[in-house]
Ligand SMILES: [Zn+2]
Ligand SMILES: [Zn+2]
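Residue numbers (our numbering): 9 to 209.
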């Protein structure tokens, strides 16, 4: 299982060529929740490695959603009260102050609902690197529809660094549309984007 380093915002994975490699969330290409393992949930990902290849990896739900917020595996944040555990460090304090201010670590624009939604990385489905921005496919936690946003790298990698304006592909994707990186790239090249502001009300 992978490890997350909150100071460098990198996940450590095994690489067949270099033994270990460290990659940011934006280097993930496909994410899929494994059936069965529910406690804790485990996600199968593929990621672009520094060695030039794409590798598979496994990430626990905790590491995917909570580790970037500075939580150790199992650390507890109560989102209703924004209270953190006593063992929390500076990163957790920072997270708590953001949450109190009504800011969410990750947001995306849900196309069918025509609104911004808070989200966690476990709802990310695919990431496609582009020249200036990333294509980010997200399964909406509220309505389950698949939307594709064009965002900055830091929007994905840095919690609370949400882009002000993003691009939104102007159609709903079929459930199986983005099963491969190649299919996602093809969709992005043929897609039209509308600009939207990412404001959570
Ligand atoms: Zn590698
Ligand atoms: Zn939605």
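The beta-carbon is built from N, C-alpha and C at its ideal position, and this holds for glycine as well. None of the values given here were measured: they were computed from a predicted structure.
Helix, strand or coil at residue i [DSSP, three-state]
i	result
residue 121	coil
residue 192	helix
residue 126	strand
residue 199	coil
residue 29	strand
residue 161	helix
residue 107	helix
residue 113	coil
residue 13	strand
residue 152	coil
residue 206	coil
Limits of the unbroken alpha helix (DSSP H) element including residue i
i	result
residue 72	69-73
Beta-carbon gap between residue i and residue j smaller than 7 Å
i	j	result
residue 37	residue 176	no
residue 129	residue 33	yes
residue 66	residue 133	no
residue 156	residue 169	no
residue 23	residue 16	no
Start-to-end residues for the beta strand (DSSP E) that takes in residue i
i	result
residue 54	49-56
residue 20	18-23
residue 187	Taken as a continuous stretch (DSSP letters only), residue 187 belongs to no beta strand (DSSP E), as it is neither H nor E.
residue 78	From DSSP, residue 78 is part of no beta strand (DSSP E); its letter is neither H nor E.
residue 166	Unbroken run through residue 166: none, as it is neither H nor E.
residue 144	142-147
residue 175	173-177
residue 180	From DSSP, residue 180 is part of no beta strand (DSSP E); its letter is neither H nor E.
Next on the checklist: Residues around ligand 2, please: the ones whose beta-carbon is closer than 5 Å to some heavy atom of it, in chain order.
Outcome noted: 118, 121, 148, 150 and 151
Next on the checklist: Residues around ligand 1, please: the condition is that the C-beta lies closer than 6 Å to some non-hydrogen atom of it.
Outcome noted: 23, 25, 26, 29, 57, 59, 61 and 63
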